[in-house]
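To start, the structure itself, in C-alpha coordinates.
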Amino acid sequence: MTRTQVQVIERIIAAIPIMLGVVICAFLFMRMIPGDPVDIMMGEAGGVTLEEMDSLRAQFDLDKPLLVQLTRYLGKLTRGDMGYSIQRAR
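Numbers given in the numbering used here equal positions in the sequence shown, counted from 1, plus 41.
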(Lines of atoms letter the chains of each structure in order from A and count residues from 1; the text may use other names and numbers.)
(Lines give C-alpha, C1' and ligand atoms only; values in the text may rest on other atoms or scores of the structure.)
Protein backbone atom coordinates (compact mmCIF):
# COMPACT_ATOMS: atom_id res chain seq x y z
CA MET A 1 0.00 0.00 0.00
CA THR A 2 1.13 3.49 -0.73
CA ARG A 3 1.68 6.10 1.93
CA THR A 4 -1.43 7.98 0.80
CA GLN A 5 -3.63 4.90 1.14
CA VAL A 6 -2.29 4.28 4.64
CA GLN A 7 -3.03 7.88 5.63
CA VAL A 8 -6.58 7.65 4.28
CA ILE A 9 -7.20 4.44 6.25
CA GLU A 10 -5.72 6.00 9.40
CA ARG A 11 -7.99 9.04 9.07
CA ILE A 12 -11.06 6.88 8.54
CA ILE A 13 -10.22 4.84 11.64
CA ALA A 14 -9.59 8.02 13.63
CA ALA A 15 -12.95 9.46 12.51
CA ILE A 16 -14.98 6.53 13.89
CA PRO A 17 -14.76 7.52 17.60
CA ILE A 18 -15.44 11.15 16.69
CA MET A 19 -18.59 10.23 14.76
CA LEU A 20 -19.70 7.96 17.60
CA GLY A 21 -19.22 10.81 20.07
CA VAL A 22 -21.21 13.22 17.90
CA VAL A 23 -24.07 10.71 17.54
CA ILE A 24 -24.17 10.08 21.30
CA CYS A 25 -24.10 13.82 22.07
CA ALA A 26 -26.91 14.50 19.59
CA PHE A 27 -28.95 11.66 21.10
CA LEU A 28 -28.45 12.97 24.64
CA PHE A 29 -29.20 16.57 23.66
CA MET A 30 -32.49 15.48 22.11
CA ARG A 31 -33.41 13.68 25.34
CA MET A 32 -32.53 16.76 27.42
CA ILE A 33 -35.14 18.93 25.68
CA PRO A 34 -37.86 19.83 28.19
CA GLY A 35 -41.12 17.95 27.81
CA ASP A 36 -42.11 14.50 26.69
CA PRO A 37 -41.97 14.06 22.88
CA VAL A 38 -45.31 12.22 22.90
CA ASP A 39 -46.96 14.99 24.95
CA ILE A 40 -45.63 17.58 22.52
CA MET A 41 -46.72 15.58 19.48
CA MET A 42 -50.18 14.75 20.84
CA GLY A 43 -50.74 18.18 22.34
CA GLU A 44 -51.42 19.42 18.83
CA ALA A 45 -53.93 16.63 18.13
CA GLY A 46 -56.02 16.97 21.29
CA GLY A 47 -58.54 14.43 22.55
CA VAL A 48 -55.94 11.65 22.83
CA THR A 49 -56.39 9.04 25.53
CA LEU A 50 -53.72 8.10 28.05
CA GLU A 51 -53.61 4.57 26.61
CA GLU A 52 -52.84 5.92 23.13
CA MET A 53 -50.04 8.06 24.55
CA ASP A 54 -48.59 5.08 26.43
CA SER A 55 -48.77 3.04 23.23
CA LEU A 56 -46.80 5.71 21.36
CA ARG A 57 -44.19 5.87 24.13
CA ALA A 58 -43.75 2.10 23.82
CA GLN A 59 -43.60 2.32 20.02
CA PHE A 60 -40.79 4.89 20.16
CA ASP A 61 -39.03 3.12 23.10
CA LEU A 62 -39.54 6.19 25.29
CA ASP A 63 -40.75 3.95 28.11
CA LYS A 64 -37.32 2.29 28.34
CA PRO A 65 -34.31 3.51 30.34
CA LEU A 66 -31.99 5.96 28.59
CA LEU A 67 -29.17 3.42 28.20
CA VAL A 68 -31.51 0.93 26.52
CA GLN A 69 -32.78 3.67 24.19
CA LEU A 70 -29.21 4.60 23.27
CA THR A 71 -28.07 1.03 22.57
CA ARG A 72 -31.14 0.35 20.43
CA TYR A 73 -30.62 3.61 18.56
CA LEU A 74 -26.96 2.83 17.87
CA GLY A 75 -27.84 -0.71 16.78
CA LYS A 76 -30.45 0.54 14.33
CA LEU A 77 -28.11 3.27 13.11
CA THR A 78 -25.43 0.71 12.21
CA ARG A 79 -28.01 -1.02 10.00
CA GLY A 80 -28.96 2.25 8.31
CA ASP A 81 -32.31 2.59 10.11
CA MET A 82 -32.62 6.27 11.00
CA GLY A 83 -35.94 5.70 12.74
CA TYR A 84 -39.48 6.91 12.27
CA SER A 85 -39.97 10.56 11.41
CA ILE A 86 -42.82 12.06 13.40
CA GLN A 87 -42.97 15.10 11.12
CA ARG A 88 -42.99 13.14 7.86
CA ALA A 89 -44.95 10.16 9.23
CA ARG A 90 -42.63 7.60 7.64
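All residues carry an ideal CB built from backbone N, CA and C; glycine is no exception.
Around the beta carbon of L97, 16 or more other beta carbons lie within 10 angstroms, which makes this residue buried. Cα atoms of L108 and Q100: separation of roughly 17 angstroms, rounded to the nearest angstrom. In this model, M42 and G62 are separated by some 30 angstroms (Cα to Cα). Between the alpha carbons of V47 and R72 lies a distance of about 39 angstroms.
Selection S126, Q110 and L115 evaluated against M60 yields L115 as nearest (Cα-Cα).
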